[in-house]
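Asks: This is the structure, below, for whatever I ask next.
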Amino acid sequence: MAEVTIVNEKTIKIAVQLEDALTMIRDAQTHITEYAFDIVTMVEKMPQFNYTYFCFYAYDSAALFERMLDTDPKQYTSFSLDAPDSFFYALYGGMTGLYEEARLYL
C-alpha cells in the first residue's frame, strides 16, 4: 500500500511500489465507468513523459491514484511522489489493456 508521510501542514511525500500499480489496475478494471477518464488520459499522456514521471494532477486524472491513499493530497500545497519506473510501466500497460473499453464511457 502507498506510504504517505506528512512532512508538515503544507507538504506530504508519497511513496508507491509496483504492487500499488497493480492495485490501481484492479480498481480501474472493477470500476471502469468511474475511472474511464483517468484510464484514457493516462494512456494518451504517459508517452509524453517517457512513461515515467507522470503527473496525475496535470490532467485532472488523479481519482484512481487518490483511491489508494489514506489522505487527500489536494489538502497540501506541495507533495512529491517517489515511484520506481516499474510502477509507471505496469500502470501504463494495465491501463492500455482497459483503454478501448474505457473510451466507450467517455
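Residue numbers are given in the working numbering: position 9 of the sequence shown equals residue 12, and the series is strictly consecutive.
C-beta: ideal position from N, C-alpha, C; glycine also.
Secondary structure at residue 23, three-state DSSP: helix, strand or coil?
Replies: As a working note, residue 23 is residue 20 in the sequence shown. Three-state DSSP puts residue 23 in a helix.
Asks: Note down the Cα distance separating residue 123 from residue 54, rounded to an integer number of angstroms.
Replies: What is shown of the chain runs 4 to 109, which leaves residue 123 out entirely.
Asks: Taking C-beta to C-beta, are residue 63 and residue 33 nearer than 9 Å?
Replies: Looking up residue 63 in the sequence shown gives position 60. Looking up residue 33 in the sequence shown gives position 30. Going by C-beta atoms, residue 63 is not nearer than 9 Å to residue 33.
Asks: Do you know whose CA, among 39, 83, 88, lies nearest residue 104's CA?
Replies: Start at 1 with the first residue of the sequence shown, and residue 104 comes out as number 101. The residue with the shortest Cα to Cα distance from residue 104 is 39.
Asks: Would you decide whether residue 28 is buried or exposed? Buried here means 16 or more other CB atoms lie within 10 Å of its CB.
Replies: Here residue 28 refers to the residue found at position 25 of the sequence shown. By the 10 Å Cβ count, residue 28 comes out buried.
Asks: For the putative contact between residue 24 and residue 66, defined by C-beta atoms under 8 Å, what is the C-beta separation to the nearest angstrom?
Replies: If you number the sequence shown from 1, residue 24 lands on position 21. If you number the sequence shown from 1, residue 66 lands on position 63. Not quite, the Cβ-Cβ distance comes to about 16 Å (not below 8 Å), so this is no contact.
Asks: Return the chain-ordered list of same chain residues with a C-beta closer than 7 Å to the C-beta of residue 10, the five sequence neighbours on each side being excluded.
Replies: Counting from 1 along the sequence shown, the entry for residue 10 is found at position 7. Result list for residue 10: 16, in chain order.
Asks: According to DSSP, is residue 81 helix, strand or coil?
Replies: Residue mapping note: residue 81 aligns to position 78 of the sequence shown, counting from 1. Strand.
Asks: Tell me whether residue 6 sits in a helix, a strand or coil according to DSSP, three-state version.
Replies: Sequence index remark: in the sequence shown, residue 6 carries index 3 (1-based). It is a strand residue.
Asks: Going by Cα to Cα distance, which pick from 26, 46, 68, 70 is closest to residue 96?
Replies: Taking the first residue of the sequence shown as position 1, residue 96 is located at position 93. Ranking the options by Cα distance to residue 96, first place goes to 46.
Asks: State yes or no: is the C-beta of residue 31 within less than 9 Å of the C-beta of residue 72?
Replies: The count along the sequence shown starts at 1 and reaches residue 31 at position 28. The count along the sequence shown starts at 1 and reaches residue 72 at position 69. No, Cβ-Cβ distance for residue 31 and residue 72 is not below 9 Å.
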